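Protein chains in written order, with my numbering: chain A, 14 to 260; chain B, 17 to 495; chain C, 1098 to 1281. These notes concern the structure reproduced below.
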Amino acid sequence: MHPRIFFIIGIIYFTTSVVFSQTDRFNRLEENKVYQQVANVVVTTPTEQVALSSLYSRTPLIIALIFTRCTGVCSPMILNLYENINHLQSDKNFKVLVLSFDSMDNIKDMSRFATRYGLENNKQWIFATTSQIKELNISIGFNPIWDTSKKQFNHEALFVGINKDGYITKKVVGIRSYTALADMIKEINNEFVISYPLPKINMLFSCFDYNPITGKKKPSWGLLILLLPFIITCMLLILLVKYTRKN
Amino acid sequence: MENKSLKRVTSIWIITILVLFVASILLGIIMRFNQGTKINLAPATFYAYMTTHGLTMVGIWVVAGMAAVHYLLTRYVKVPLSINIFAMLFTVIGVVLLWAATLVGHFHAAWTFLYPLPFYTAWEAWATPVFLLGIGVLGIGWFVWAVGMLVSILKNYSLSQAFAWQHFKKDNGIETPPFILIATVSLIGVIVCLLTAVLLLILYFAEYFSKGSFTNDPLLMKNLTYFFGHTIINEALYLGLATLYELLPEISGRPRFKTTWYVALAWNCTLVFVLTAFFHHLYMDFVQPEGFQMIGQIASYLASLPSATVTAFSVVILIYNNSIKWSLANILFFIGVMGWLIGGMGAVIDATISNNFILHNTLWVPAHFHTYNAMGNVLFSLAFFWWAANEFTNTHNDRRERFKTILLLVGGFGFVLMFYIGGALSIPRRYSVYPEEFTSAAMLATAGAWFACIYLLGIVLMLIDIVKKCTRVFSSSSV
Amino acid sequence: MEKHQSLLVIFLILAGLIASIFLHIYRSSLITYGAEGMYNPTRKRYFFFLILASVAVILMSVTIPDSPYFMFADKQPSKVVFVAAKQFSFILSNQAIDPKKGGAGENIEIPVGELVEFRVSSLDVTHGFAIYDDKSNLVAQTQAMPGYINKLRWKFNTPGTYNILCLEFCGVAHAFMRASFTVK
Chain A
14 MHPRIFFIIG IIYFTTSVVF SQTDRFNRLE ENKVYQQVAN VVVTTPTEQV
64 ALSSLYSRTP LIIALIFTRC TGVCSPMILN LYENINHLQS DKNFKVLVLS
114 FDSMDNIKDM SRFATRYGLE NNKQWIFATT SQIKELNISI GFNPIWDTSK
164 KQFNHEALFV GINKDGYITK KVVGIRSYTA LADMIKEINN EFVISYPLPK
214 INMLFSCFDY NPITGKKKPS WGLLILLLPF IITCMLLILL VKYTRKN
Chain B
17 MENKSLKRVT SIWIITILVL FVASILLGII MRFNQGTKIN LAPATFYAYM
67 TTHGLTMVGI WVVAGMAAVH YLLTRYVKVP LSINIFAMLF TVIGVVLLWA
117 ATLVGHFHAA WTFLYPLPFY TAWEAWATPV FLLGIGVLGI GWFVWAVGML
167 VSILKNYSLS QAFAWQHFKK DNGIETPPFI LIATVSLIGV IVCLLTAVLL
217 LILYFAEYFS KGSFTNDPLL MKNLTYFFGH TIINEALYLG LATLYELLPE
267 ISGRPRFKTT WYVALAWNCT LVFVLTAFFH HLYMDFVQPE GFQMIGQIAS
317 YLASLPSATV TAFSVVILIY NNSIKWSLAN ILFFIGVMGW LIGGMGAVID
367 ATISNNFILH NTLWVPAHFH TYNAMGNVLF SLAFFWWAAN EFTNTHNDRR
417 ERFKTILLLV GGFGFVLMFY IGGALSIPRR YSVYPEEFTS AAMLATAGAW
467 FACIYLLGIV LMLIDIVKKC TRVFSSSSV
Chain C
1098 MEKHQSLLVI FLILAGLIAS IFLHIYRSSL ITYGAEGMYN PTRKRYFFFL
1148 ILASVAVILM SVTIPDSPYF MFADKQPSKV VFVAAKQFSF ILSNQAIDPK
1198 KGGAGENIEI PVGELVEFRV SSLDVTHGFA IYDDKSNLVA QTQAMPGYIN
1248 KLRWKFNTPG TYNILCLEFC GVAHAFMRAS FTVK
């Protein structure tokens, strides 16, 4: 094939591969209470009543706060978490503790909630209640507000990452991509994540996306731009050699 | 006839570069006196001067290297004069646009114009697009020039010969002169970083004309900025080294350098190292992948191996215990190699990540790059200018010009020493005035300014001699 | 001796060595008869290369593990300080900073001997976040880049007031950007 064609293909590929990255909402309030200890409340699961420390000392936890009568964000957030965990297929150690912050919820309600998502027999997921929810909420910086007109709690979709020593190492607010989950899983396993990007709003190209499988950053379109001068120079050299041979 | 035209064009380059060099040194001296509180500029003015100084210095030593390589390349291959004149025209236009943006429009985002600072316009609104356009115009001119010279080389040498790959075989056939090898490697490097500048400008203009509908990734833009900026000033240094390889033996009355397998290996490796070392500018951006940070340190360290063990060592072998015809030209080359190695020590220290943690963006940074340039590459180019001025007018000047040499040595090394001490005292760079707690900062700045005046005197004395001779090239009786 | 001073001393020694060698080489060339050149330059070049390459490898293997990316990575910080840089001030807070609200920040006190994590970002252009001790020595730094959080972990073993200066050129008042915190 004529080398010029590669050059043209390269240009077309470049100009048609403009990607605008996703626009996650970012809540800076997910930074509060980080590195503080979670309150060691007693939780009731279908099989036992146990201190939270007994759970997190066995495996790091991702706590997802919901209430079963929720008509808002609770279902999507659990579904989203479930899908992201399946997508990541992480080999790292962690469990999900789905905890109700509604004192009206009992363990039967939570079991029914689990059944909705087919998670009742999934060993990675624990559905529980606690009578010490106020204490827990203060320690994690969670503040659901009861709306009497809607008869619903107004609350953030909050996930709290707890390491094996009971420290809050990462919080994630909102329905987020698997990259945020990958970071959380790393941090609850005490892997230091030295830097992370804030969600990009209308950003043209960025260098990297996180690779959730390895926990490392994987090249994105921005990296191609960094390599482009070198690639174009190589193509140019080939063209120049052909041109000078002809003449 | 064409040789006469090339001499004239080269003379114009030499005179222009020297005049701009003096103007730029003056801006630098004013800056140091301001930092020494001997004068009191408004910060915006200081930073406009700083931007102008940086742009001018980088620009003139790039074109100095290109002009020298073009002239010497004609010893080996035919090079069209038109590309040289084209580049000159675009350089003039580019410089005018840049100076308009900085000195009239008060654009002061520094010569590195780090994203997104150019969009935070604390200057005339028109200055940002004019600045970007100025960079673009320079880039076009130099790109055409670099490609043109590369084509000229490739018309006479195959690509593998231009890279001197045949020297890795026992029976290597045609010899690739070191000058051709280094010119090829440097011109390819220049092309890569000019293309990087093109991409950077496209992204800047895309955001500028989008009027906020989309933004760029600051991390990507920083990588592109330093890929361009770091690489181009290093390529200018390698263009200067090409000149050294060609002229130093000749001027010294010694046999010419030969390309051996290790010379070929060194310069091929240098092409890779120089294109990857720029990562050392992002060590303190913890968001950069660790792999890139490691590449930055490794490439920066490895780059010192070919330069020290091939180039510098070859210069040492050429001169040590041999009778040398010393004149100002080869003295300048010789001191330039010393300055380049000393600057290299400062660079390797700063390119070590654990050191960079406490040296990054302190005065250590201008210390090492001013050593590389003022006492390294600048001297290579001045050596060429001195040699060319004599060559063009058939003058044989064997004087060592001790006074000029002493002025450059004392002034130059004194000037950079003040920076090194400042870096060790953690004094920040790019400050218009220094905070009170840095009690020695003002004194070091003032001393640096006086040393720079001594250096400037040496340059002015050289300029007078060189310009006198270069202007004779335009009279009809000249060769 | 502080690390900064040691680096300067090392540099000056190496620079002096290079200058001495070059002076020696220059003087050796001032002979006018019986010039001999360098004995066995090829072997000397190989030897020089081997020494330099060994030094480079040793230095890389010793210094890379000391990089700030690995510092305190396996330790649990006892405090987080949030930092948002903007033209031309630093906002420091014990709570995450809402860019819409911004604010002046708060007085920060850090317990001596405890590991603290600074979470640094910028609200506009790229700044530098550089911590200086009361002797004006640069202790630690990271970049404050818009759109990214950089985490800088450090343990302050000496009580006192520490200053923060901007170490990335950010505009006309770059030299006047500062903040401070106390270590008690």
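Glycine included, C-beta positions come from ideal geometry on N, C-alpha and C. These figures come from a predicted structure and were not determined experimentally.
Label residue i either buried or exposed according to how many other C-beta atoms from any shown protein chain fall within 10 Å of its C-beta, with 16 as the threshold for buried.
| i | result |
| --- | --- |
| residue 1102 of chain C | exposed |
| residue 96 of chain A | exposed |
| residue 147 of chain A | exposed |
| residue 32 of chain A | Note that residue 32 of chain A scores a pLDDT of 27, beneath 50, so its modelled location is shaky; the value from the coordinates is reported in the next line. Label assigned to residue 32 of chain A: exposed. |
| residue 391 of chain B | buried |
| residue 434 of chain B | buried |
| residue 117 of chain A | exposed |
| residue 288 of chain B | exposed |
| residue 209 of chain B | buried |
| residue 59 of chain A | exposed |
| residue 388 of chain B | buried |
| residue 1257 of chain C | exposed |
| residue 29 of chain A | Note that residue 29 of chain A scores a pLDDT of 29, beneath 50, so its modelled location is shaky and nothing firm can be said. |
| residue 419 of chain B | exposed |
| residue 332 of chain B | buried |
| residue 1098 of chain C | exposed |
| residue 294 of chain B | buried |
| residue 1106 of chain C | exposed |
| residue 38 of chain B | exposed |
Starting from residue i and walking both ways along the beta strand (DSSP E), at which residues does that stretch end?
| i | result |
| --- | --- |
| residue 129 of chain B | Note, residue 129 of chain B: premise wrong, no beta strand (DSSP E); not H, not E. |
| residue 1186 of chain C | 1186-1190 |
| residue 446 of chain B | Where residue 446 of chain B is concerned, there is no enclosing beta strand (DSSP E), given that its DSSP letter is neither H nor E. |
| residue 1164 of chain C | Counting along the chain, residue 1164 of chain C falls outside any beta strand (DSSP E), and DSSP gives it neither H nor E. |
| residue 268 of chain B | Premise fails: residue 268 of chain B lies in the alpha helix (DSSP H), 234-268, not in any beta strand (DSSP E). |
| residue 123 of chain B | That residue, residue 123 of chain B, is in no beta strand (DSSP E); it is neither H nor E in DSSP. |
| residue 1222 of chain C | Residue 1222 of chain C -> no beta strand (DSSP E), and no H or E assigned at all. |
Ends of the alpha helix (DSSP H) at residue i?
| i | result |
| --- | --- |
| residue 319 of chain B | 306-322 |
| residue 100 of chain B | 97-115 |
| residue 484 of chain B | 457-488 |
| residue 284 of chain B | 277-292 |
| residue 185 of chain A | Counting along the chain, residue 185 of chain A falls outside any alpha helix (DSSP H), though it belongs to the beta strand (DSSP E) covering 181-186. |
Given a cut-off of 8 Å on the beta-carbon distance, is the pair residue i and residue j in contact?
| i | j | result |
| --- | --- | --- |
| residue 325 of chain B | residue 1185 of chain C | no |
| residue 474 of chain B | residue 424 of chain B | yes |
| residue 22 of chain B | residue 128 of chain B | no |
| residue 397 of chain B | residue 80 of chain B | yes |
| residue 166 of chain A | residue 113 of chain A | no |
| residue 399 of chain B | residue 348 of chain B | yes |
| residue 244 of chain B | residue 261 of chain B | no |
| residue 162 of chain B | residue 207 of chain B | yes |
| residue 77 of chain B | residue 377 of chain B | no |
| residue 361 of chain B | residue 1226 of chain C | no |
| residue 1125 of chain C | residue 337 of chain B | yes |
| residue 54 of chain A | residue 75 of chain A | no |
| residue 185 of chain B | residue 462 of chain B | no |
| residue 109 of chain B | residue 153 of chain B | yes |
| residue 383 of chain B | residue 427 of chain B | no |
Hey, residue i and residue j are a contact pair by Cβ (cut 8 Å); roughly how many whole angstroms apart?
| i | j | result |
| --- | --- | --- |
| residue 1169 of chain C | residue 1180 of chain C | The Cβ separation is near 17 Å, so there is no contact. |
| residue 1164 of chain C | residue 320 of chain B | 19 Å between Cβ atoms; not a contact. |
| residue 197 of chain A | residue 185 of chain A | 6 Å |
| residue 126 of chain B | residue 66 of chain B | 6 Å |
| residue 1208 of chain C | residue 48 of chain A | Rounded, the Cβ-Cβ distance is 13 Å, inconsistent with contact. |
| residue 298 of chain B | residue 84 of chain B | 32 Å between Cβ atoms; not a contact. |
| residue 1268 of chain C | residue 133 of chain B | 7 Å |
| residue 180 of chain B | residue 280 of chain B | 4 Å |
| residue 334 of chain B | residue 226 of chain B | Between residue 226 of chain B and residue 334 of chain B the Cβ distance is about 56 Å, and since that is not below 8 Å, they are no contact. |
Would residue i count as contacting chain E if we go by Cβ distances under 8 Å?
| i | result |
| --- | --- |
| residue 1248 of chain C | Absent here is chain E; the protein component of the structure consists of chains A, B and C. |
Contained alpha helix (DSSP H) runs [length at least 4] in the segment 193-234 of chain B, N- to C-terminal order: Taking only runs of at least 4 residues, the alpha helix (DSSP H) segments lying wholly in the segment 193-234 of chain B are 194-226.
In chain order, each alpha helix (DSSP H) run of at least 4 residues that lies wholly inside the segment 32-119 of chain A: Complete alpha helix (DSSP H) runs here, min 4: 65-69, 87-101.
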